[in-house]
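Participant: Chains as they are written, first to last, in the working numbering: chain A, 60 to 470; chain B, 60 to 470.
There are 2 protein chains.
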Amino acid sequence: MLFLKGTMSVLKLEECRERIRKELDNTVDFWLKYSHDPLHGGFFTCIGRDGKVYDELKYVWLQGRQVWMYCRLYRTVDRFRKPEILEAAKAGGAFLRKFARVSCGSSGQWKCAFCLTRDGKAVKIQRTIFSECFYIMAMDELSRVIGDEDMQLEAEQMMEQLICWVRVDSSGLGRPQLPGDVPANSMAVPMMLLCLVQQLTEGRGPEVIQKYRELASWCVQKILQHIQREGTAILENVSVEGAELPGCQGRLLNPGHALEAGWFLLQFSVEQKDEELQRTAINKFMELPYQYGWDKEHGGLFYFLDVDGHCPTQLEWSMKLWWPHCEALIAFLMAYSQTKKPELLERFSKVYEYTFSHFPDVQRGEWFGYLTQGGKVALDFKGGPFKGFFHVPRCLYMCERILDDMLANKD
Amino acid sequence: MLFLKGTMSVLKLEECRERIRKELDNTVDFWLKYSHDPLHGGFFTCIGRDGKVYDELKYVWLQGRQVWMYCRLYRTVDRFRKPEILEAAKAGGAFLRKFARVSCGSSGQWKCAFCLTRDGKAVKIQRTIFSECFYIMAMDELSRVIGDEDMQLEAEQMMEQLICWVRVDSSGLGRPQLPGDVPANSMAVPMMLLCLVQQLTEGRGPEVIQKYRELASWCVQKILQHIQREGTAILENVSVEGAELPGCQGRLLNPGHALEAGWFLLQFSVEQKDEELQRTAINKFMELPYQYGWDKEHGGLFYFLDVDGHCPTQLEWSMKLWWPHCEALIAFLMAYSQTKKPELLERFSKVYEYTFSHFPDVQRGEWFGYLTQGGKVALDFKGGPFKGFFHVPRCLYMCERILDDMLANKD
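So, in structure tokens, the structure goes:
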């Protein structure tokens, strides 16, 4: 045990911050060393255990996330204010602007591709909004670093189109309208939009904040609709009216996603000074998924579960993925820093212990992403189609900052 | 060990046939008991360990496959010539004809949905050909049982459209043309088409056989293009010219699929009296995937591998699925029955031993579908979005028939 049950010494938190800081440095070094494409800009994301690129495809979610993360580190952490990081972010941004957007037939709308060849040719377009979301995050954060107002405007324009797809007319996404395909409120959508509102409004003037105020409330309301079963579960998919959906889709639990939504809501509740929302974020979106999501036998958070205890149909349901653990660390540390309730630090401590004893590759740096239920490495690459320079460094960055604040005010 | 190494007694083969026959009876009973929807026709396919329906969605691949399998059993196995099976097949066929086909916008073409609600509303359409393939299989086999020539014609018309999508113009599938999305020869496509040619021509006159002759040759040639790396590997995806593709897609091995292609080719080689093709089917499509696909540590066939030994990006790569084992059983028993080479019976014996000691649910009937690498049940349902009344009964049915023939001619 890193922390003795119920007694958290300042010394332990300092040790913990030290470990986190070192992991962050190592992670940044790994991606600086192995992921850059000097020929075309942008980032390789399929990177093997030892750093070798095993596929040259460039996944757009991960391009956008890496640009965002580099810029965020460059802009807000002194020791990462290095030309090497800035140049890589700019090259990644240029690659995205040049290649990610694809004109979609007769609609006159632009979609972002999901995947590009090394030299930027579109390979696949998803019929969802997420490539666009990470494009916006990247452009807004990069525009802050380099002071490019056109780029910032472009991010806002893409945001307008995204809002239109979600709230007005989804036909531009290219999904056929089918009578059995009832529109649903899938947690990812209001979560991502809330995250984007926080990104676009951070430190901006009252005009921009006003512009997104109603959208933020809508997102919060849509996220809260996922509290179901008389307040005992966060269901991943509900109807647009906020009712439970039939079948597997309706019963799906995704503990890591609920925890991520939890800290999004918690951050928002602080900005809004909304204490009820703060309590809901912690009691519902953190405590519940921890209770049903933690594997009592082997430790770690399950990827998917069924609220009625049926076996999920996702083959990977029982695997332990790195990112839900990243979200849990941020969530419980943030919740503890705000409330100082010892049980929240205990949760953090338990997740920390599992995470740091299972995911980091002590031999070759960075983290493994995919473990078996029993905690053995199941896939040993450091980057893949869905794992890039994002969840690990975002978690370490946020935890380091929260610990910095806590330890600076340790009276 | 079921068989002593190198010495296969007739008695053991008889025991084996007995076990297979019993498993087939149990499997048929399970689906007759739990999968029928008396209200709307068609079949529930999401069926839990104990037979309980945990989701009412009707997956079209599995509707088509169940109709086909019921009809095939009814038509060719005396003990399954039961009104109950015929009625269920007819109700399934009627459900498919009424609901599976969806008109696709302005193209004037029909697609089959991938998934329907219980009462037949389309939920999802895939941008591939497979729903249509299983629709054709179902309609052709059902038309043979009930003597419906219109239905048979309809199957052939759907086949024409399918051939057009694959060989002339794929735009009706609804995939956007993207510059980085280079057309590929994916093993599933020529395999399915060859399977359909065999279905549509079985026992038919020279006119029909002539009609599909050139297509069959094309399929065989396209399947043979997957022999790569100087004859040492069956790669799942190659270029349309038959060259290796870059990256993970190009390096992907799918041992179960290669084995299935193997017995499709072997069956075809017998019809054609093509001894060279027979040798290729066995030496390349059976022996190679067995060599690289068998898990030397835990037994069983891997789901996916990378020909250069990289870790596959599919999270389930190391799991043991029921269907590759079904295909392996058919492949090696068929190959042994044709060649009488003892090493092929040894392969069959090894796969048989693993399969029958891991997949059948001895308590509640039918087979588990998804095991961990170590052979523990990872998902305990009997039916799901991709597991229905198909691979298990097809395997048992074919193995029983091959054993019947072998044991009848055991001189």
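Just so it is clear, CB atoms sit at the ideal spot from N, CA and C, and this is done for glycine as well.
Look up isoleucine 188(B) in the DSSP assignment and say whether it is helix, strand or coil.
Facilitator: Taking the second sequence and counting its residues from 1, the one referred to as residue 188(B) is at position 129. Three-state DSSP puts isoleucine 188(B) in coil, outside helix and strand.
Participant: Let me make sure I understand the geometry here. Which of Pro305(B), Phe193(B) and Ile341(B) has the alpha-carbon closest to that of glycine 290(B)?
Facilitator: The sequence position of residue 290(B) within the second sequence is 231, counting from 1. Here the closest residue by C-alpha is Ile341(B).
Participant: Looking at C-beta atoms only, is the number of pairs between the stretch 154-161 of chain A and the stretch 98-107 of chain A that lie closer than 8 Å three or more?
Facilitator: Enough Cβ pairs lie closer than 8 Å, so yes.
Participant: Are the beta-carbon atoms of leucine 201(A) and cysteine 254(A) separated by less than 8 Å?
Facilitator: Walking along the first sequence from the start, residue 201(A) turns up at place 142. Walking along the first sequence from the start, residue 254(A) turns up at place 195. No.
Participant: What in chain B is Cβ-close to glutamine 357(A), meaning under 7 Å?
Facilitator: The residue labelled residue 357(A) in the question sits at position 298 within the first sequence. In the sequence as displayed, the identity of residue 357(A) is histidine instead of glutamine. Near histidine 357(A) there are no residues of chain B at all, since even the closest Cβ is about 12 Å away, more than 7 Å.
Participant: Closer than 8 Å by C-beta to valine 182(A): which residues in its own chain qualify, once you throw out the five before and the five after it? Chain order, please.
Facilitator: In the first sequence, counting from the first residue as 1, residue 182(A) sits at position 123. Excluding residues within five positions, the ones whose Cβ falls inside 8 Å are Leu116, Ala172, Phe173, Cys174, Leu175 and Thr176.
Participant: State yes or no: is the beta carbon of phenylalanine 440(B) nearer than 8 Å to at least one beta carbon in chain A?
Facilitator: One-based indexing of the second sequence puts residue 440(B) at position 381. Phenylalanine 440(B) counts as touching chain A.
Participant: DSSP puts glycine 442(A) in a beta bridge; with which residues?
Facilitator: For this step, residue 442(A) is matched to residue 383 along the first sequence. According to DSSP, which records beta bridges pairwise, glycine 442(A) is partnered with Ile106(A).
Participant: Which residue wins for smallest C-alpha separation from leucine 311(B), given the options Tyr413(B), Trp90(B) and Leu364(B)?
Facilitator: The residue labelled residue 311(B) in the question sits at position 252 within the second sequence. Out of Tyr413(B), Trp90(B) and Leu364(B), Leu364(B) has the C-alpha closest to the C-alpha of leucine 311(B).
Participant: If you measure from the beta carbon of glutamate 335(A) to each beta carbon in chain B, is any gap under 8 Å?
Facilitator: Translated into the one-based positions of the first sequence, residue 335(A) becomes position 276. No, glutamate 335(A) lies away from the interface with chain B (no Cβ there is under 8 Å from its Cβ).
Participant: Are three or more beta carbon pairs between the stretch 376-387 of chain B and the stretch 305-321 of chain B nearer than 8 Å?
Facilitator: Touching, yes.
Participant: At 8 Å on the CB atoms, spell out the chain A contacts of lysine 400(B), in chain order.
Facilitator: What you label residue 400(B) is simply residue 341 of the second sequence in a count that begins at 1. Residues of chain A passing the Cβ test: none, with the nearest at roughly 35 Å.
Participant: If I follow the unbroken beta strand (DSSP E) through alanine 181(A), where does it start and stop?
Facilitator: Taking the first residue of the first sequence as 1, we reach residue 181(A) at position 122. Element bounds for alanine 181(A): 181-183.
Participant: The stretch 317-343 of chain A: which residues have C-beta closer than 7 Å to a C-beta of chain B, in chain order?
Facilitator: Result list empty, no residue passes.
Participant: When you compare the CB of lysine 183(A) with every CB in chain B, is at least one pair closer than 8 Å?
Facilitator: Stepping through the first sequence from its first residue, residue 183(A) is reached at position 124. So, interface residue.
Participant: In chain order, what residues of the stretch 409-438 of chain A put their CB closer than 8 Å to some CB of chain B?
Facilitator: Against chain B - using a Cβ distance shorter than 8 Å - the residues of the stretch 409-438 of chain A are Tyr429, Thr431, Gln432, Ala437 and Leu438.
Participant: Tell me, please, whether the CB atom of glycine 100(B) is closer than 8 Å to any CB atom in chain A?
Facilitator: Within the second sequence, residue 100(B) is the residue found at index 41, counting from 1. No, its Cβ sits nowhere closer than 8 Å to a Cβ of chain A.
Participant: Write down the C-beta distance between leucine 336(B) and leucine 324(B) rounded to the nearest angstrom, noting that I regard them as a contact closer than 8 Å.
Facilitator: As a working note, residue 336(B) is residue 277 in the second sequence. As a working note, residue 324(B) is residue 265 in the second sequence. Confirmed, Cβ separation roughly 6 Å.
Participant: Quick one, which of Gly110(B), Ile461(B), Tyr271(B) and Tyr194(B) has its alpha-carbon nearest valine 126(B)'s?
Facilitator: Here the question's residue 126(B) lines up with position 67 in the second sequence. Selected option, being the one with the closest Cα: Tyr194(B).
Participant: In the structure shown, what three-state DSSP assignment does threonine 66(A) receive?
Facilitator: Taking the first residue of the first sequence as 1, we reach residue 66(A) at position 7. Because threonine 66(A) carries a pLDDT of 48, less than 50, the predicted location of this residue cannot be relied on, and the following value inherits that uncertainty. In the structure shown, threonine 66(A) sits in a strand (DSSP, three-state: E or B).
Participant: Starting from the beta carbon of lysine 81(B), find every residue of chain A whose beta carbon is closer than 7 Å, and list them in chain order.
Facilitator: Locating residue 81(B) in the second sequence gives position 22, where the first residue counts as 1. Within chain A, no residue comes near lysine 81(B); the closest Cβ sits about 26 Å away, beyond 7 Å.
Participant: Report the three-state DSSP secondary structure of valine 471(A) (helix, strand or coil).
Facilitator: The requested residue 471(A) does not occur in the structure, where chain A is confined to residues 60 to 470.
Participant: Quick check on methionine 378(B) - is its C-beta less than 8 Å from some C-beta in chain A?
Facilitator: Against the second sequence, residue 378(B) aligns to sequence position 319. Answer yes: the Cβ-Cβ gap between methionine 378(B) and chain A drops below 8 Å somewhere.
Participant: Under the rule that 16 or more other beta-carbon atoms within 10 Å means buried, what is alanine 148(A), buried or exposed?
Facilitator: Locating residue 148(A) in the first sequence gives position 89, where the first residue counts as 1. Label assigned to alanine 148(A): buried.
Participant: Is there a C-beta anywhere in chain A that falls below 8 Å from the one on glycine 123(B)?
Facilitator: Along the second sequence, one-based indexing puts residue 123(B) at 64. Not an interface residue.
Participant: Taking DSSP as the reference, what is the three-state secondary structure of leucine 72(B)?
Facilitator: Counted from its first residue, the second sequence places residue 72(B) at position 13. Residue state, collapsed to three classes: helix.
Participant: Give the single residue among Gly264(B), Phe407(B), Ser94(B) and Asp354(B) whose Cα lies nearest to the Cα of cysteine 458(B).
Facilitator: What you label residue 458(B) is simply residue 399 of the second sequence in a count that begins at 1. That would be Phe407(B), whose Cα lies nearest to the Cα of cysteine 458(B).
Participant: Please work out which residues of its chain come closer than 6 Å, Cβ to Cβ, to isoleucine 144(A), disregarding the five sequence neighbours upstream and downstream, and give them in chain order.
Facilitator: Looking up residue 144(A) in the first sequence gives position 85. Once the five neighbours on either side are set aside, the close Cβ partners of isoleucine 144(A) are Tyr129 and Tyr133.
Participant: Buried or exposed, going by whether 16 or more other CB atoms sit within 10 Å of the CB of methionine 60(A)?
Facilitator: Numbered from its first residue, the first sequence carries residue 60(A) at position 1. Here methionine 60(A) scores only 42 on pLDDT, less than 50, and its place in the model is too uncertain to base an answer on.
Participant: I'd like to know if the stretch 212-222 of chain A and the stretch 254-274 of chain A are in contact, where contact means that at least 3 CB-CB pairs between them fall below 8 Å.
Facilitator: The stretch 212-222 of chain A, when compared against the stretch 254-274 of chain A, does touch it at the 8 Å Cβ threshold.
Participant: Return yes when the Cβ of lysine 441(B) is within less than 8 Å of the Cβ of glycine 107(B), no when it is not.
Facilitator: Along the second sequence, read from residue 1 onward, the residue named residue 107(B) stands at position 48. Along the second sequence, read from residue 1 onward, the residue named residue 441(B) stands at position 382. Contact flag set, yes.
Participant: Tell me, to the nearest whole angstrom, how far the beta carbon of proline 452(B) is from that of threonine 86(B); I am working on the premise that it is less than 8 Å.
Facilitator: Walking along the second sequence from the start, residue 452(B) turns up at place 393. Walking along the second sequence from the start, residue 86(B) turns up at place 27. Yes, proline 452(B) and threonine 86(B) are in contact; Cβ-Cβ is about 5 Å, under 8 Å.
Participant: What is the DSSP secondary structure of methionine 60(A), reduced to helix, strand or coil?
Facilitator: Here residue 60(A) corresponds to residue number 1 of the first sequence, with the count starting at 1. Only weak support is given to the placement of methionine 60(A): the predicted model assigns it a pLDDT of 42, under 50, and the question is left unresolved by the model.
Participant: Residues of chain B with a CB under 8 Å from the CB of glutamate 191(A): which are they?
Facilitator: Counting from one through the first sequence, the residue named residue 191(A) turns up at place 132. By Cβ distance, chain B contributes nothing, its closest Cβ being about 16 Å from glutamate 191(A), past 8 Å.
Participant: Quick check: the Cα distance between isoleucine 205(A) and phenylalanine 139(A), rounded to an integer number of angstroms?
Facilitator: As a position in the first sequence, residue 205(A) is number 146, starting the count at 1. As a position in the first sequence, residue 139(A) is number 80, starting the count at 1. So the alpha carbons of these two residues sit roughly 15 Å apart.
Participant: Since cysteine 385(A) contacts cysteine 278(A) with CB under 8 Å, what's their CB separation in whole angstroms?
Facilitator: Translated into the one-based positions of the first sequence, residue 385(A) becomes position 326. Translated into the one-based positions of the first sequence, residue 278(A) becomes position 219. Incorrect: roughly 21 Å between the Cβ atoms, too far for contact.
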